[in-house]
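Residue numbers (this note's numbering): 291 to 430.
Just so you know, even glycine gets a beta-carbon here, dropped at the ideal spot from N, CA and C.
All values derive from a computational prediction rather than experimental measurement.
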Amino acid sequence: MRGCISAFVLAAFVTVACAQTYYFDLATYSVTEGNPLTVCIRRLGSVAAAQDIEVTVTGGTATAGTDFPNFDPFSFAVGNTVACDQITITDDTNDEGSETFTLAISTNVATQNPATTVVTISDDDDDGTYAVRTLDNRLF
Ligand SMILES: [Ca+2]
Ligand SMILES: [Ca+2]
Ligand SMILES: [Ca+2]
C-alpha cells in the first residue's frame with residue numbers, strides 16, 4: 291500500500307509542475323496608424339512543449355480587417371517563455387479620433403491578468419478642419 295500512495299503523490303506533483311499560465315505582456319498598447327505593432331504573450335510554468343495561442347478581437351471601435359489585420363496564432367516554441375506577433379496598422383486617409391480594440395486569449399489555456407489587452411490606434415490624418423463633437427462624441 292505504501293507504494294501506491296507514493297505513486298499518487300508523484301502524479302500530483304508532476305501535474306502541478308507542468309501547469310502553464312498565459313498572459314499578455316502589457317495591459318495596453320498604443321500605436322499610430324501606418325506603423326507596426328508588436329504584441330507579446332508570456333507563459334509561466336513548463337516550457338517543455340510547444341503551444342499555439344489564438345487571440346480574438348472582443349470589442350472596441352476599430353474594425354478588424356479594415357483598421358488593422360487579423361493576428362496569426364502566437365507560437366511558443368519549446369523553451370520559449372514569450373511569443374510575439376507583429377501587424378501593421380492600416381494607414382487610411384480618414385480624419386478620425388483614436389480607435390481601440392481589445393484582444394483576448396481564446397485558446398483554452400490557464401490565464402492570468404492581463405488576459406486581455408486594449409490597443410489604442412492614434413489617427414495621423416488632418417484635413418485642416420476641426421470636427422466639433424458633443425460630449426457623447428456625436429458630430430454637430
Ligand atoms: Ca482608422
Ligand atoms: Ca492615415
Ligand atoms: Ca485615419
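Exercise for the section: Look up VAL347 in the DSSP assignment and say whether it is helix, strand or coil. Expected result: DSSP places VAL347 within a strand segment (E or B) once states are collapsed to three.
Practice task
Output the distance between the C-alpha atoms of THR351 and THR371, rounded to the nearest integer angstrom.
Solution key: Taking the straight line joining both Cα atoms gives about 31 Å.
Practice task
Say yes only if the C-beta of ASN360 is nearer than 8 Å to one or more non-hydrogen atoms of ligand 2, and no if none qualify.
Solution key: Outside the cutoff, so no.
Exercise for the section: State the Cα-Cα distance for the pair THR392 and THR407, rounded to the nearest angstrom. Expected result: THR392 and THR407 have their C-alpha atoms some 6 Å from each other.
Problem - When SER320, LEU327, GLU389 and PHE314 are compared against LEU334, the one with the closest alpha-carbon - result: Distance from the Cα of LEU334 is smallest, within the candidate group SER320, LEU327, GLU389 and PHE314, for PHE314.
Practice task
Mind the definition here: the region 318-338 touches the region 368-384 only if three or more C-beta pairs lie below 8 Å; say whether that holds.
Solution key: Touching, yes.
Problem - Per-residue DSSP class, three states only, for GLN376 - result: Note: GLN376 maps to strand in three-state DSSP.
Handout entry: Residues whose Cβ lies closer than 7 Å to any heavy atom of ligand 3, in chain order
Key = In chain order, the hits are GLU323, ASP382, THR383, ASN384, ASP385, GLU386, ASP413, ASP414 and ASP415.
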